[in-house]
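Inspection log for the structure reproduced underneath, given as structure tokens.
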Amino acid sequence: MKPPAASSPGAAAPLGGHARIVKAAAAARMRPNLADYAATYRDFGWDKARALLDGLPNGAGLNIAHEAVDRHAAGPRADRTALRWIGRGRERDFTWRDLRAESNRVADALQSLGLRPGARVFVMAGRIPELYLAVLGALKARCVVCPLFSAFGPEPIAMRLEIGEAEVLVTTEALYRRKVEALRPRLPQLRHVVLIGEGGAATAVPGTRDWTAMMAAAGTDFVIPPTDPEDLALLHFTSGTTGRPKGAVHVHEAVVMHAMTGRYALDLHPDDVFWCTADPGWVTGTSYGIIAPLANGVTNLVVEAEFDAQSWYDVLERERVSVWYTAPTAIRMMMKLGTAALAGRDLSALRFMASVGEPLNPEAVLWGVEAFGMPFHDNWWQTETGGIMIANYAAMDVKPGSMGRPLPGVTAAILKRDEDGGVSEVTAPMQEGELALKAGWPSMMRGYLNEEARYRKCFVGNWYMTGDLAMRDEDGYFWFVGRADDVIKSSGHLIGPFEVESALMEHPAVAEAGVIGKPDPMAGEIVKAFVALKPGHEANEAMRRELLGHARKRLGSAVAPKEIDFRANLPKTRSGKIMRRLLKARELGLPEGDISTLESDER
Ligand code: AMP
1 MKPPAASSPG AAAPLGGHAR IVKAAAAARM RPNLADYAAT YRDFGWDKAR ALLDGLPNGA
61 GLNIAHEAVD RHAAGPRADR TALRWIGRGR ERDFTWRDLR AESNRVADAL QSLGLRPGAR
121 VFVMAGRIPE LYLAVLGALK ARCVVCPLFS AFGPEPIAMR LEIGEAEVLV TTEALYRRKV
181 EALRPRLPQL RHVVLIGEGG AATAVPGTRD WTAMMAAAGT DFVIPPTDPE DLALLHFTSG
241 TTGRPKGAVH VHEAVVMHAM TGRYALDLHP DDVFWCTADP GWVTGTSYGI IAPLANGVTN
301 LVVEAEFDAQ SWYDVLERER VSVWYTAPTA IRMMMKLGTA ALAGRDLSAL RFMASVGEPL
361 NPEAVLWGVE AFGMPFHDNW WQTETGGIMI ANYAAMDVKP GSMGRPLPGV TAAILKRDED
421 GGVSEVTAPM QEGELALKAG WPSMMRGYLN EEARYRKCFV GNWYMTGDLA MRDEDGYFWF
481 VGRADDVIKS SGHLIGPFEV ESALMEHPAV AEAGVIGKPD PMAGEIVKAF VALKPGHEAN
541 EAMRRELLGH ARKRLGSAVA PKEIDFRANL PKTRSGKIMR RLLKARELGL PEGDISTLES
601 DER
């Protein structure tokens, strides 16, 4: 490949105890938006970030879709490409003017269904244009949008539709038939299902409406009603160690963070072609796969196909992608192929690369330099934070393996929980503790839907406790250590062990199930289950296959266990809770730690 012209960073050199990729200001191809981290951090105020936005005309509030679409459609960018979709064998471009008209149709169609503001509109599809239009249109109509991962199986889908009190589901005809139709009786509150047909109108499925017909009948002149910045806008499900999935709610004010982090952490400039590889079924694919680039007036590239290194390189080259936001599992898969796969390619448009979602190993950061002439910039955030909180920036030295430093306006700390329920700050460098954020940034979740107690549990005083263990070094860089709880990160997808255990327990042969994340060189972790069978059932290969198949059918392949081991009994506390920590320690051959609460322990 041709190396990108001038952004080549210096070599990694040990400094301050950690290797460092030094960023020489003179080498930057474009002046980074965040040119002086220390000064910007010091002088920052949220009013400055709000000033990047427009607000609804006549002081009517703040609406994400206005910032992402209508304000650009009314300005000099109206006829530039806002969304470029690369489908399987097809392409479609939308200018901002097109996006305004098409999202207006969706808003008009939703309004004609008689929805109240705040009604929950779920969207579930692959990365197809209609999904993006549905999200933007629903935001215009002041509905609360919940994107659902289309690779979920029927059980996670039904549970989220139930908990989220979905009134509308926009999905494809194929997904509906495969995953939702049979569960419809469980979902009485789901009043409207809108089906996107394969290349045209959906066939008449009882109890559904056809997207194409609805859009044809809808008008393109929708005016966004007054929207309070605190009006609910987005609902994203996430998982905890126990219990049902939690619906984190975000408000229209979150767009302040989306726009600001797009500028500072992803260094978006007006002529960029931006590609976020995440699926909108997960928070990254919404905050950065839809809102942040559009709010910054940047061309947003959407690629329908799943990961394949060669076709991704084709996209980078052909589409002249300048800013690329991807994930560690994909980077590791590309590394495996080696740099030879990049030979002869012209990636000279590529200027900045970032990664999120799971730990990015230092080798992967450095491989970026070898393969693309620049490091992958790791950044950190969560469903609950709504936007990037900690990042490596274009103009700041990168320490491979570190998540970087907090965004301007974000106060991050390493805390230890005290015995009296309070917290104290760990100030010594490179000492482990829980990563915490001072409450108050615009995209912070406003609650877990109908789960006040679980929401409160996230806070100690004014600190939001992230559930991640981390360290901070002497230069203020944060280093990820691991999760403080049992949730699993597999290929960047957060999976709650309880949801997997519950699905296994539904099988008539299963007496007990315990689920852990088992380290995996490619996926970060894979889901592994330990199962004790009921008397009369034999633990053999046929049973293993039967349970793997059962779980895959209920949960979908992204969530289902990849491995199942049988045990006569699972280790439990005296109160009957399965000790996943112990299952994991034994699986990995690690010390068992404190087992004073262990009750039964037959392996
Ligand atoms: P989610 O809410 O699904 O986005 O998952 C958030 C979790 O992913 C965090 O709490 C971390 O455990 C993990 N995570 C996200 N970004 C990173 C990163 N850059 N390094 C390590 N872990 C990360």
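Counting from 1, one number per residue, gives the positions in the sequence shown under my numbering.
Ideal placement from N, C-alpha and C gives every residue a C-beta, glycine not left out.
Considering only the beta carbon of each residue, do residue i and residue j sit closer than 7 Å?
i: K140; j: I224; result: yes
i: L233; j: D108; result: Position check: residue 233 holds Ala in this sequence, whereas Leu was assumed. Their beta carbons are not under 7 Å apart, which means A233 does not touch D108 by this criterion.
i: K562; j: I526; result: yes
i: M403; j: F478; result: yes
i: V323; j: L266; result: yes
i: L53; j: C146; result: no
i: Y176; j: L161; result: no
i: V106; j: G126; result: no
i: R120; j: E91; result: no
i: G496; j: L570; result: no
i: R186; j: A213; result: no
i: K179; j: P154; result: yes
i: T227; j: R142; result: yes
i: L131; j: Y393; result: no
i: A341; j: A309; result: yes
i: D272; j: V298; result: yes
i: H269; j: M30; result: yes
i: P400; j: L366; result: yes
i: A680; j: N379; result: One cannot answer for residue 680 here, as it falls past the ends of the chain, which runs 1 to 603.
i: L494; j: T238; result: yes
i: F566; j: V531; result: yes
i: E319; j: G492; result: no
Which residues bound the alpha helix (DSSP H) around residue i?
i: G549; result: 541–555
i: D108; result: 96–112
i: V487; result: Element bounds for V487: n/a, residue is neither H nor E.
i: T286; result: 283–286
i: H258; result: 254–264
i: L588; result: 580–588
i: A292; result: 292–295
i: Y477; result: Element bounds for Y477: n/a, residue is neither H nor E.
i: F498; result: 497–505
i: A24; result: Premise fails: A24 is in no alpha helix (DSSP H) and is neither H nor E.
i: M214; result: 211–217
i: F44; result: No alpha helix (DSSP H) holds F44; DSSP gives it neither H nor E.
i: A158; result: 154–163
i: Y176; result: Note, Y176: premise wrong, no alpha helix (DSSP H); not H, not E.
Starting from residue i, trace the beta strand (DSSP E) in both directions and tell me its first and last residue.
i: S424; result: 423–425
i: N300; result: 299–303
i: V273; result: 273–276
So who's on the other strand from residue i, going by DSSP bridges?
i: I414; result: L435
i: L131; result: DSSP, once it has assigned bridges, lists no residue as partnering L131.
i: I390; result: W380, P406
i: A354; result: Y325, H377
i: R84; result: D93, L301
i: L53; result: In the DSSP output, where bridge partners are listed per residue, L53 has none listed.
i: A513; result: V531
i: V170; result: V123, V194
i: Y464; result: L437, F459
i: F566; result: V531
i: Y448; result: A248
i: V145; result: V121, L234
i: L469; result: E434, G482
i: I526; result: K518
Give the C-beta separation of residue i and residue j to the nearest angstrom, bearing in mind that I take them to be a contact with Cβ-Cβ under 8 Å.
i: E317; j: R345; result: 5 Å
i: H250; j: M396; result: With a Cβ gap of about 27 Å, H250 and M396 do not count as contacting.
i: I564; j: R580; result: Not a contact, Cβ separation roughly 15 Å.
i: V135; j: R100; result: The pair is not a contact, with the Cβ atoms about 14 Å apart (cut-off 8 Å).
i: G87; j: E253; result: Not confirmed; about 33 Å, so no contact.
i: N296; j: A259; result: 6 Å
i: V255; j: L62; result: 7 Å
i: I21; j: V369; result: 7 Å
i: L407; j: Y264; result: 6 Å
*Should the region 462–476 be regarded as contacting the region 538–551, the criterion being three or more beta carbon pairs within less than 8 Å?*
No: fewer than three Cβ pairs fall under 8 Å.
*Do the region 497–506 and the region 427–435 meet, that is, are 3 or more Cβ pairs less than 8 Å apart?*
As far as the Cβ criterion goes, the region 497–506 does not touch the region 427–435, which means the pair count is below three.
_Using 8 Å as the cut-off, can you tell me whether the region 72–83 makes contact with the region 91–99, which would need three or more C-beta pairs spanning the two stretches below that distance?_
Counting C-beta pairs with one atom in each stretch, the region 72–83 and the region 91–99 have three or more that are closer than 8 Å, which means they touch.
*asked:* Across the region 271–291 and the region 378–389, are there enough close Cβ pairs to call them in contact, namely three or more that are closer than 8 Å?
replied: As far as the Cβ criterion goes, the region 271–291 touches the region 378–389, which means the pair count is three or higher.
*Check whether the region 417–426 touches the region 457–464, taking contact to mean three or more Cβ pairs, one atom from each stretch, closer than 8 Å.*
Short answer: they touch.
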